[in-house]
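Enquirer: When you number the first sequence by our numbering, it's gap-free, plus one each residue, and the end is 1006.
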Amino acid sequence: MAIADRLLTLVHTTAQDVFAALRANPTPLQAVVVEEPSIADHGDYATNAAMVLAKELGAPPRVIAEQLAEGLRADAMVDRVTIAGPGFLNFWIAPDALARELVTLLDRGVEYFRPDIGHGATVQVEFVSANPTGPLHVGNGWLATYGDALSRLLEFVNYRVTREYYVNDTGGQIRQLGASIIAVRSGAEVPEGGYRGEYISDLALRYHGSDDVVEAGSWAVPIILELIRATLVSLGIEMDSWFSQASIEESGDVALVVARLDATGATYQRDGALWFASERFGDSRDRVMRKSNGDFTYLAGDIAYHYNKLVIRSFSLVIDVLGADHHGQVASMMAAIRALGIDEHRLEIKLGQMVSLLEQGQAVKFSKRAGTAIPLDWLIQELGRDATRLLILSSSIDRASQIDLVQAKAQSMENPVYYVQYAYARIAALLRNVASRQIRVEVGSSDALAGLNHPRELALMKDLLRLESVIVRAVEERAPHKIVGWLMQMASDFHGFYHDCPVITAEPSVRDARLTLARAAQLALGVALDLLGVTPPEEM
RNA sequence: GCCCCUGUAGCUCAGCGGAUAGAGCAGCUGCCUUCUAAGCAGUCGGUCGUAGGUUCGAGUCCUACCGGGGGCGCCA
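#1: Would you call residue 556 buried or exposed, if buried means 16 or more other Cβ atoms sit within 10 Å of its Cβ?
#2: Quick one: what's got a C-beta closer than 7 Å to residue 520's C-beta in the same chain, skipping five residues either side?
#3: Runs of 4 residues minimum, wholly inside the region 913 to 951: which ones carry the alpha helix (DSSP H) assignment?
#4: What's the gap between the Cα of residue 606 and the Cα of residue 842?
#5: Do you know how far the Cα of residue 665 is from the Cα of residue 644?
#6: Per DSSP, residue 822 is paired with what?
#7: Quick check on this structure: which residue in 687, 477, 620 and 940 has the alpha carbon closest to the alpha carbon of residue 535?
#8: Would you check if the distance between the CB atom of residue 804 and the CB atom of residue 747 is smaller than 8 Å?
#9: Is it buried or exposed for residue 755, if we count other Cβ within 10 angstroms and need 16 for buried?
#10: Return the bridge partner residues of residue 546 from the DSSP annotation.
#11: If you reduce the DSSP assignment to three classes, tell me which class residue 785 lands in.
#12: How is the beta strand (DSSP E) around residue 755 delimited, first residue to last?
#13: At 4 residues or longer, what runs of the alpha helix (DSSP H) sit wholly inside the region 945 to 1006?
#14: Cutting at 7 Å between CB atoms, please list the residues of its own chain near residue 947, excluding the five before and the five after it.
#15: My output table needs one value for residue 707: the three-state DSSP class, helix, strand or coil.
#16: Give me, in chain order, the residues of the same chain whose beta-carbon lies closer than 6 Å to that of residue 753; leave out the 5 immediate sequence neighbours on both sides.
#17: With DSSP as the reference, label residue 512 as helix, strand or coil.
#18: Following the continuous alpha helix (DSSP H) through residue 673, name the residue where it begins and the one where it ends.
#19: In this structure, does DSSP put residue 631 in helix, strand or coil?
#20: Taking three-plus beta-carbon pairs below 8 Å as touching, is the region 576 to 595 in contact with the region 614 to 633?
#21: Can the beta-carbon of residue 602 be found closer than 8 Å to that of residue 697?
#22: Assuming residue 497 contacts residue 934 (C-beta within less than 8 Å), just tell me the rounded distance between them.
#23: Under 6 Å Cβ to Cβ from residue 538, same chain only, skipping five residues before and after it: list those, please.
#24: Is it right to say residue 905 is buried, meaning 16 or more other beta carbons lie within 10 angstroms of its own, or is it exposed?
#25: Suppose you measure from the CA of residue 911 to the CA of residue 565; what does that come to, to the nearest Å?
#26: What three-state label does DSSP hand residue 1024 in the structure shown?
#27: Along the chain, which unbroken stretches of the alpha helix (DSSP H) at least 4 residues long are found entirely within the region 709 to 772?
#28: Start and end of the beta strand (DSSP E) containing residue 591?
#29: Can you tell me which of 582, 623, 690 and 928 puts its alpha carbon nearest to the alpha carbon of residue 559?
#30: Do residue 991 and residue 1002 count as a contact pair if the criterion is CB distance below 8 Å?
#31: Going by alpha carbons, who is nearest to residue 759 out of 505, 691 and 738?
#32: Residue 704 to residue 610, Cα distance in whole Å?
#33: Could you pull the start and end residues of the alpha helix (DSSP H) that residue 898 belongs to?
#34: In chain order, what residues of the same chain lie with their CB nearer than 7 Å to the CB of residue 965, ignoring the 5 residues before and after it?
#35: Could you tell me which uninterrupted beta strand (DSSP E) segments, each at least 3 residues in length, are contained entirely in the region 561 to 628, listed from first to last along the chain?
#36: Comparing alpha-carbon positions, which option in 931, 984, 953 and 971 lies nearest residue 510?
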């Protein structure tokens, strides 16, 4: 258990003692938290327990705080407790307790940072799923990287993850694609709503089939998918599964699912079409399942696809990563899940807000059809894989990012990714130097490590002990960008340590303790970088 | 009109209901004879969109308003 969690437990038990002493009934303590103050004078950790209890007990916070402090001081883990402000309890952790924790960390290795949240459950993350009508653009890169980092996080906390790309290989846009290729081949204008761009010209040169738009479109899909796959690989992303929309339609599952909705009385006929009464299940209006011409709608196919994921393939959890332009589908899909009697908590839909490019202060929207989309390949080539990933992962997907490409490129050598990677590389260099100088290192007994009490060393240790809880939060909130926040702090603290605390030239006991700390830091940096899919470089 | 996201430093963005709101970039000033200066230290820069409310305590929660983005098809 992490130190903060152990402290919270300690605060809880001490609170029970206070209740008993006051002959008061114990009350729930959910509001009690242990946190790390941003100000060093406020201790290594702090709790609001006295203020919460004061409310429950109707006594002044500082009086309660005195009683709590009494009990807390008795614990060996706690070095010092002070009462401050409106009734905060500030703790300082005993150096030997930190040292023991560091020993445990090194003993357990990567596992030290791994909370078992998933318990081996299966989860499918569906992301990218861009129509196979052209190369990925920069906007696709955002959600692709988010989806991959989320998948890495879930894998780390013991989910069995399947990364899936839903291939919309049927329908109107495939006909448009075919029509565009045929038009360019015959030297005609690309039709209204068609696709433009160099790749269309390339395809037109290679296409030797008939003038049937479906044939031409279907012919092009696998070629374009291969381009997409290659782009993803260059971003460090490999899908486990490419799921064809056409295959769902051919399987008969669409009819099956519509029949199931029918059987539960959730559908009705109107104007020659079959409707799903989705409003009864929380949608803003009802939706058509089968058009008056007999074809199923996209939504019907999409419901069948989700039925396939949740029932036929029976993933415990399904996460759809979609662009905010798919917001309109969410309520309909959730309504269908409820109508089919599936536990709605098994489907999560994460909406990523739109990304826009800034060109001379003006926002430029992506349009594949108009040919104004900036290719993702271009961005990766300009910035490199690691800088691209970190740029994308440093902010929340709830925010509509604006990226100034000129600035992004100009800053590529100043990208924060190098700051973080440099910390890792510096440790690698340290360890190489130790090896090449044939220094014998006695790795860390907790006694030796208790000598680590320089402020830089303490800051580093606290970062190490915090990583697990950061990972928990990042997973729970589906927010990989929280890992970036930790990495920046960790890198900053490491560079400060490196600057102020010589390692190899220090006397042997100090040197060995610092080397041990550096090793732990490298381990943690490696875990965090790996969660983001960013390379941990041995040298720079 | 209704629904979702959002508004924090010049720019791009972090920020668990807690104490004196942070980082990177841009600007200014120092620090390489010393384990990698892709670094460290300092400095400049803020009515956290506005107004109410809840709370011992609000950038964070609630309401209204203002601004920005997206969505509301028998398209996919």
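Positions of the beta carbon are idealized from the N, C-alpha and C atoms, including for glycine. Quantities reported herein were computed from a predicted structural model and do not represent experimental measurements.
Expert: Taking the structure as given:
#1: Residue 556 should be labelled buried.
#2: Same-chain partners within the cutoff: 526, 527, 530 and 553.
#3: As far as the region 913 to 951 is concerned, its whole alpha helix (DSSP H) runs of at least 4 residues are 921 to 942.
#4: Roughly 7 Å between the two C-alpha positions.
#5: Here the C-alpha atom of residue 644 lies approximately 13 Å from the C-alpha atom of residue 665.
#6: According to DSSP, residue 822 bridges with 868.
#7: For the set 687, 477, 620 and 940, the Cα lying nearest the Cα of residue 535 is the one of 477.
#8: Cβ distance < 8 Å, so residue 804 and residue 747 count as in contact.
#9: Classification for residue 755: buried.
#10: DSSP lists 558 as the bridge partner or partners of residue 546.
#11: Annotated three-state conformation of residue 785 is strand, per DSSP.
#12: From DSSP, the beta strand (DSSP E) with residue 755 extends over 753 to 756.
#13: You should have 947 to 966 and 974 to 998.
#14: Leaving aside the five residues that flank residue 947 on each side, the residues in its chain whose CB is nearer than 7 Å to its CB run, in chain order, 859, 860, 861 and 862.
#15: Of the three classes helix, strand and coil, the one that applies to residue 707 here is strand, per DSSP.
#16: Cβ neighbours of residue 753 beyond the five flanking positions: 742, 744, 765 and 798.
#17: Residue state, collapsed to three classes: strand.
#18: Where residue 673 is concerned, there is no enclosing alpha helix (DSSP H), given that its DSSP letter is neither H nor E.
#19: In the structure shown, residue 631 sits in a strand (DSSP, three-state: E or B).
#20: Touching, per the Cβ criterion.
#21: Yes, Cβ-Cβ distance for residue 602 and residue 697 is below 8 Å.
#22: Not quite, the Cβ-Cβ distance comes to about 23 Å (not below 8 Å), so this is no contact.
#23: Counting only Cβ-Cβ distances below 6 Å, and skipping sequence neighbours, we find 480, 544 and 547.
#24: Around the C-beta of residue 905, fewer than 16 other C-beta atoms lie within 10 Å, and the residue is accordingly described as exposed.
#25: Straight-line Cα distance between these residues: approximately 8 Å.
#26: No answer is possible for residue 1024: the residues shown for the chain start at 467 and end at 1006.
#27: Every alpha helix (DSSP H) of 4 residues or more that sits fully in the region 709 to 772 is shown, in chain order, as 711 to 717 and 719 to 729.
#28: Note, residue 591: beta strand (DSSP E), 588 to 592.
#29: In this structure, 928 is the residue among 582, 623, 690 and 928 with its C-alpha nearest to the C-alpha of residue 559.
#30: Yes.
#31: With distances taken between Cα atoms, residue 759 lies closest to 738.
#32: The alpha-carbon atoms of residue 704 and residue 610 are separated by roughly 10 Å.
#33: Counting along the chain, the alpha helix (DSSP H) containing residue 898 begins and ends at 882 to 902.
#34: Taken in chain order, the list of residues that qualify is empty.
#35: Listed in chain order, the complete beta strand (DSSP E) runs (minimum 3 residues) inside the region 561 to 628 are 588 to 592.
#36: The candidate whose alpha carbon is nearest that of residue 510 is 931.
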